[in-house]
Amino acid sequence: MTHTQGNTHHESASLELVAPTLGWPMRDGGAAVHSQLHVYRVGDRVVASITHESLRERQALLLREDLTHLLDDCTGFVALGMERVEMLGSAAAGEIVRAANVCADRHGRLVVFGLRDELARDLQHSGMFDGVTRVRTKDEALELLMRCTLEPAGTQRKSFWHRRKSSRAA
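In our numbering, the protein residues as written are 222 to 391.
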């Protein structure tokens, strides 16, 4: 299946286009609002790609809205593409970390792919993305998400520190 949008050409054998530009235009019946994401579904998994090269304070607010809507409408298994991102402000990085935490709370996972090497180094030095899974390609991200399964209701993942305290008590 091939999707063409503006100058962007998407090849996707099993990707279903959810919204050409997220902004959830059908949600409130209004026109599409300016968005930071292109979103596709692969079964119950979601692949979203950030469309802007620079994510500063203003874009971080828009990204928060888009990620919130995205997470409201999915199971918590998200691959987030950052191939186009050249500049990532701390507010935008914080929104991605927040989204990763929401996914983890739902027993899902957010996987970032396509992060430029220089951005990855900066984020590694800052420690902001320590809890975010990073892979190089969309295929790696999808493969990782497809191996993940939803945990049965009532089971709760324990953090590293909680497991460590539990093992000391035993």
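Quick reminder that beta carbons are idealized off the backbone N, C-alpha and C, glycines included.
Since the structure is predicted, the reported quantities are computational estimates derived from the model, not experimental observations.
For C324, collect the residues of the same chain with a Cβ closer than 8 Å to its Cβ; drop the 5 residues on either side in sequence, then sort them by chain order.
As a working mapping, residue 324 is identified with position 103 in the sequence shown. If we look at C324 and ignore the five residues flanking it on each side, its Cβ neighbours are L292, G297, F298, V299, R330 and L331.
Out of L366, V353, R277 and R357, which one is the CA nearest neighbour of F334?
Residue 334 sits at position 113 when you count from the first residue of the sequence shown. Considering only alpha carbons, the answer is R357.
Quick check: H290 and T272, are their CB atoms within less than 9 Å of each other?
Residue 290 sits at position 69 when you count from the first residue of the sequence shown. Residue 272 sits at position 51 when you count from the first residue of the sequence shown. No. Outside cutoff.
Could you give the uninterrupted runs of the beta strand (DSSP E) lying entirely in the segment 267-308, keeping only those of 3 residues or more?
List check, beta strand (DSSP E) in window: 298-302.
Can you give me the C-alpha to C-alpha distance between L288 and L276, rounded to a whole angstrom?
In the sequence shown, residue 288 corresponds to position 67, counting from 1. In the sequence shown, residue 276 corresponds to position 55, counting from 1. Approximately 14 Å, taken between the alpha carbons.
Could you tell me if G348 is buried or exposed, where buried requires 16 or more neighbouring beta carbons within 10 angstroms of its beta carbon?
Looking up residue 348 in the sequence shown gives position 127. The residue in question, G348, is exposed, as its Cβ has fewer than 16 Cβ neighbours within 10 Å.
Which residue wins for smallest C-alpha separation from A320, given the options V263, L301 and L366?
If you number the sequence shown from 1, residue 320 lands on position 99. Selected option, being the one with the closest Cα: L301.
Inspect the beta-carbon positions of L336 and R266 and report whether they are closer than 9 Å.
On the sequence shown, residue 336 is found 115 positions in, with the first residue counted as 1. On the sequence shown, residue 266 is found 45 positions in, with the first residue counted as 1. Going by C-beta atoms, L336 is not nearer than 9 Å to R266.
Locate the alpha helix (DSSP H) running through R337, then write down its first and last residues.
As a working mapping, residue 337 is identified with position 116 in the sequence shown. Element bounds for R337: n/a, residue is neither H nor E.
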